[in-house]
Amino acid sequence: MTEAKLEAWLDETRSFAPSPQFSKQANAQPSIYEEASADPVTWWRREAERLTWHDEPTNTLEWDMPFAKWFSDGTLNASVNCVDRHVAAGRGDRVAYHWVGDAEGESRTITYADLQSMVNKTANALIEMGVKNGDRVAVYMPMIPEAVVAMLAIVRLGAAHSVVFAGFSADALSSRILDSDCQFVVTADGAFRRGAASPLKPAVDEALESCPNVKSVLVVRRTADDVNWVEGRDVWWHEIVERQSDVHTPDYFPSEQTMIIMYTSGTTAKPKGIYHTTGGYLTQVASTYMNVFDVKPDTDVCWTAADIGWITGHSYIVYGPLINCATQIMYEGVPDSGGKDRWWRIIEQYKVTILYTAPTTIRTLMKWGDDLPKGHDLSSLRLLGTVGEPINPEAWMWYREHIGGNRCPIVDTWWQTETGAILISPLPGITATKPGAAMRALPGIGVDVVDNDGNSVGNGEGGYLVITHPWPAMTRGIYGDPERFKETYWTRFPGKYFAGDGAKRDDDGDLWLLGRIDDVMNISGHRLSTTEVEHALVGHPAVAEAAVVGASDDTTGQAIVAFVTLKMSTDDASKDQVAVIEELRLHVARVISPIAKPRQIILTPELPKTRSGKIMRRLLRDVAENRSLGDVTTLTDPTVVNMISELMGTEASSDD
Ligand code: PRX
């Protein structure tokens, strides 16, 4: 790439006009911005008509800041909205999921009628296990259709699911099960990744040693490996589900019934149980799915390349698409399972029209070279999306040129676990796009960028991103901790939702997201707190103190760098440092997840601190970013020590 080309890409004024082929789209008309901003509450009430209500709501919004209720006197069933109503309308033969396995050639086709039968049987099985309205059920599953079926069956009964990403450790799973007092777990014996089976059930068994309230575990057989079995507690899916009736008569629940609990990292060591309720969440995921992705359910084949263990999977693999009767790809593997061109082969084979993924993945695919996508027919694609972290203009342009053939608009969608649905994004056919900008708030959403005192910044200036009024899919709180909810999101700028992200308005007033401004790191689009990783490190017997920073990384956006001082009295301190570092990295992976494994651990005799004893994180970040230190470099390395002293000389009084 020439420097001039890069300059042009980085130019904030570079913009792509709304794509002509989208200008007559059926889903959203340019007038929707004005209609929605004239009266957002009424506009959302109209969007709620996308759902099938058992009792139509007469209330729309009740707002007792920061606690919102949407459509509170309406009743509905989430699973009926996702499945039954489509079958009843004669669309049972439509494919809900083209499931593509990790292994080459393994696939399943699941129609809406199939889904209905699977969900009903599973709901009947869960009833037999004792699940009832108001319960919480943990789901710890690989990317197989049974994961979606379990989620739908759980909410069908009025219970809430707490899906825990299957890459999380036994410790992480047990703390989540305990926090929301889940009494049931749905899991699988194992998962496949790049052709190899990896067990899941042992992590559940270990987690449940500290969760005495869990009565029953439903286990899907996926890898067919031997598993430890606890009689009276564990139940095979193929035994209990298969013998059930495929008829289940649903009950209907209040709009404010909790349906989702999803743990996400905050700035403390304890992840927050973000929960979502039914009517508002479903309304907004249904609305944004149609408007942002311009989905034509009769013809599109949509692929949200995410895991159901994250909110993106909940909102845009499960609920948003199913409510709209869309046809999707659900892919079990990683991008290079079966070869680095696997994604392009899937797109070619299934004629995928809409692809939604994270910048991290785009950068990885980009590194693997232009020839791989070039070797495949990607002409079916008509829209591309990105989510999870700021996208660098270079990756955006590569995505546009090499994947989207310069014809597909790119929607850079900003949102969070807490927001439930996309809040900031261009609308294809209506909004221009710029490489690296999420552009503007969606209709019905109020967004501002404010300075330290809460005053709106002008064009060309940066500040903190806030949401100015309630929206239907907003989290109703942190499970069991309303005070923490208030404190975390609503006190920094009273009356406004504080997202924790920095943002900038460019000269045209368009929005650019700048990343987190707190101690939350974004590693490959996964949220992790520095404190959580520090906590894991100091839990190791050899560690005296640890400080963790997120350093920029070309592929993963940010990477974890940990500075660690060892307890000199332990045997470990005299061990080979390479071995100690490796042991600590594995320890973090065991305690939290392999995604939390530090890229680099730097052993240091002490941590740089301010006079008031606060760790100087900014300085550590500088060290982590400015130098490419090998994995085993320690701060006793004179060059690093010099660098720290130099930086301390200039920043020693900083209280950062
Ligand atoms: O920092 C923002 C970043 O991801 C955070 C939310 O993470 P999580 O709750 O895990 O949800 C991710 C998927 C919705 C945000 O606070 N983020 C998300 N999307 C974008 C983004 N940063 C910049 N641009 C985006 N499009």
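Per the numbering used here, the very first residue in the sequence shown carries number -11; after that it's consecutive. Just so it is clear, CB atoms sit at the ideal spot from N, CA and C, and this is done for glycine as well. None of the values given here were measured: they were computed from a predicted structure.
**Asked** Between the Cα of VAL88 and the Cα atoms of GLY393, PRO323, LEU353 and LEU595, which residue gives the shortest distance?
**Response** In the sequence shown, residue 88 corresponds to position 100, counting from 1. Answer by Cα proximity: PRO323.
**Prompt:** Any contact of the stretch 518 to 528 with the stretch 390 to 407, i.e. 3+ C-beta pairs under 8 Å?
**Reply:** no
**Asked** Terminal residues of the continuous beta strand (DSSP E) containing HIS575?
**Response** Position 587 of the sequence shown, counted from the first residue, corresponds to residue 575. Premise fails: HIS575 lies in the alpha helix (DSSP H), 565 to 579, not in any beta strand (DSSP E).
**Item:** Residue range of the alpha helix (DSSP H) that includes VAL521
**Value:** Taking the first residue of the sequence shown as position 1, residue 521 is located at position 533. Counting along the chain, the alpha helix (DSSP H) containing VAL521 begins and ends at 518 to 526.
**Prompt:** Which one or two residues does DSSP pair with ASP489 in a beta bridge?
**Reply:** Numbered from its first residue, the sequence shown carries residue 489 at position 501. Beta-bridge pairing links ASP489 to ARG504.
**Asked** What number of angstroms, rounded off, separates the C-alpha of ALA179 from the C-alpha of GLY601?
**Response** Here residue 179 refers to the residue found at position 191 when the sequence shown is read from its first residue. Here residue 601 refers to the residue found at position 613 when the sequence shown is read from its first residue. Taking the straight line joining both Cα atoms gives about 45 Å.
**Message:** Please tell me whether THR246 and THR271 are closer than 8 Å, where the distance is taken between their beta carbons.
**Reply:** In the sequence shown, the residue the question calls residue 246 occupies position 258. In the sequence shown, the residue the question calls residue 271 occupies position 283. Contact flag unset, no.
**Message:** Assuming LYS362 is part of the alpha helix (DSSP H), what are its boundary residues?
**Reply:** By one-based count along the sequence shown, residue 362 stands at place 374. Counting along the chain, the alpha helix (DSSP H) containing LYS362 begins and ends at 359 to 362.
**Request:** Note down, in chain order, each residue of its chain lying with its Cβ closer than 6 Å to the Cβ of THR211, except the 5 sequence neighbours on either side.
**Result:** Here residue 211 refers to the residue found at position 223 when the sequence shown is read from its first residue. If we look at THR211 and ignore the five residues flanking it on each side, its Cβ neighbours are ASP177, GLY178 and ALA185.
**Message:** Am I right that SER157 and SER444 are in contact with their C-beta atoms under 8 Å? What's the rounded C-beta distance?
**Reply:** In the sequence shown, the residue the question calls residue 157 occupies position 169. In the sequence shown, the residue the question calls residue 444 occupies position 456. About 43 Å separates the two Cβ atoms, so there is no contact after all.
**Closest residue to ASP610 among LYS585, GLU570, VAL536 and THR407 (Cα-Cα distance)** = Translated into positions along the sequence shown, residue 610 becomes position 622. Measuring from the Cα of ASP610, the nearest candidate turns out to be VAL536.
**Request:** Please list, in chain order, all residues with a C-beta atom less than 7 Å from at least one heavy atom of the ligand PRX.
**Result:** THR252, TRP298, ILE299, THR300, THR374, VAL375, GLY376, GLU377, PRO378, ILE379, ASP400, THR401, TRP402, TRP403, GLN404, THR405, GLU406, ALA426, ALA487, GLY488, ASP489, LEU501, GLY503, ARG504, ASN510, GLY513, HIS514 and ARG515
**Request:** Using 10 angstroms around the beta-carbon of ALA26, count the other beta-carbons present and answer buried if the total reaches 16, otherwise exposed.
**Result:** Translated into the one-based positions of the sequence shown, residue 26 becomes position 38. With fewer than 16 other Cβ atoms within 10 Å, it is exposed.
**Request:** Return the bridge partner residues of ARG96 from the DSSP annotation.
**Result:** The sequence position of residue 96 within the sequence shown is 108, counting from 1. Answer by DSSP bridge pairing, in chain order: TRP87.
**Message:** Considering only DSSP beta bridges, list what MET604 is partnered with.
**Reply:** As a working mapping, residue 604 is identified with position 616 in the sequence shown. Answer is none; MET604 lacks a bridge partner.
**Message:** Give the list of continuous beta strand (DSSP E) stretches no shorter than 3 residues that lie fully inside the stretch 208 to 274.
**Reply:** 222 to 224, 246 to 252 and 260 to 265
**Message:** Quick check: the Cα distance between THR345 and LEU39, rounded to an integer number of angstroms?
**Reply:** In the sequence shown, the residue the question calls residue 345 occupies position 357. In the sequence shown, the residue the question calls residue 39 occupies position 51. Roughly 26 Å between the two C-alpha positions.
**Message:** On the CB-based measure, 16 or more other CB atoms within 10 Å of its CB, does LYS120 come out buried or exposed?
**Reply:** Numbered from 1 along the sequence shown, position 132 holds the residue referred to as residue 120. Under this definition LYS120 is an exposed residue.
**As assigned by DSSP and simplified to three states, the class of GLY321** = On the sequence shown, residue 321 is found 333 positions in, with the first residue counted as 1. Reduced to three states, the DSSP call for GLY321 is coil.
**Request:** Please classify CYS70: does DSSP put it in a helix, a strand, or coil?
**Result:** For this step, residue 70 is matched to residue 82 along the sequence shown. CYS70: helix per DSSP, three-state reduction.
**Request:** For GLY118, I'd like the list of residues in its chain whose CB is within less than 7 Å of its CB, leaving aside the five on either flank, ordered along the chain.
**Result:** Working through the sequence shown from its first residue, we reach residue 118 at position 130. Contacts found: LYS203 and SER204.
**Asked** Would LYS717 be called buried (16 or more neighbouring beta carbons within 10 Å of its own) or exposed?
**Response** The displayed coordinates of the chain run from -11 to 644. Any statement about residue 717 would go beyond what the structure contains.
**Prompt:** Taking Cβ positions, are SER168 and GLY261 nearer each other than 8 Å?
**Reply:** For the purposes of this step, residue 168 is taken as the residue at position 180 of the sequence shown. For the purposes of this step, residue 261 is taken as the residue at position 273 of the sequence shown. Contact flag set, yes.
**Request:** Check TYR477 in the structure and name its three-state DSSP category.
**Result:** In the sequence shown, the residue the question calls residue 477 occupies position 489. Three-state DSSP puts TYR477 in a helix.
**Message:** Bridge partners for THR374 per DSSP, in chain order?
**Reply:** In the sequence shown, residue 374 corresponds to position 386, counting from 1. Paired residue(s): THR345 and ASP400.
**Prompt:** To the nearest angstrom, how far is it from the Cα of VAL552 to the Cα of SER67?
**Reply:** Along the sequence shown, one-based indexing puts residue 552 at 564. Along the sequence shown, one-based indexing puts residue 67 at 79. Roughly 48 Å separates the two Cα atoms.
**Prompt:** Can you tell me the Cα-Cα spacing of TYR452 and VAL173, whole angstroms?
**Reply:** Sequence index remark: in the sequence shown, residue 452 carries index 464 (1-based). Sequence index remark: in the sequence shown, residue 173 carries index 185 (1-based). About 39 Å.
**Request:** Work out the CA separation of ASP295 and THR63 for me, nearest whole Å.
**Result:** Taking the first residue of the sequence shown as position 1, residue 63 is located at position 75. Taking the first residue of the sequence shown as position 1, residue 295 is located at position 307. So the two alpha carbons sit approximately 29 Å from each other.
**Prompt:** Given a threshold of 16 other Cβ atoms within 10 Å of its Cβ, counted over all protein chains shown, does ASP619 qualify as buried or as exposed?
**Reply:** The residue given as residue 619 occupies position 631 in the sequence shown. At ASP619 the pLDDT is 46, less than 50, meaning the model places this residue with poor confidence and gives no usable figure here.
**Request:** Enumerate in chain order the residues of its own chain whose CB-to-CB distance from SER95 is below 8 Å, with the five nearest sequence positions on each side excluded.
**Result:** Working through the sequence shown from its first residue, we reach residue 95 at position 107. Result list for SER95: HIS86, TRP87, VAL88 and GLY89, in chain order.
**Message:** Cutting at 7 Å between CB atoms, please list the residues of its own chain near TYR338, excluding the five before and the five after it.
**Reply:** Stepping through the sequence shown from its first residue, residue 338 is reached at position 350. The answer, listed in chain order, is HIS86, VAL289 and ILE317.
**HIS149 - partner residues in DSSP beta bridges** = Translated into the one-based positions of the sequence shown, residue 149 becomes position 161. Paired residues: VAL125 and ILE248.
**Prompt:** If we count the other Cβ atoms within 10 Å of its Cβ and call it buried at 16 or more, is LYS355 buried or exposed?
**Reply:** Taking the sequence shown and counting its residues from 1, one reaches residue 355 at position 367. So LYS355 ends up on the exposed side.
**Message:** With the cut-off set at 8 Å, would you say VAL549 and PRO586 are in Cβ contact?
**Reply:** Numbered from 1 along the sequence shown, position 561 holds the residue referred to as residue 549. Numbered from 1 along the sequence shown, position 598 holds the residue referred to as residue 586. Yes. Within cutoff.
**Item:** Classification of GLY376 by the beta-carbon crowding that lies within 10 angstroms, buried from 16 upward
**Value:** Numbered from 1 along the sequence shown, position 388 holds the residue referred to as residue 376. Per the 10 Å Cβ criterion, buried.
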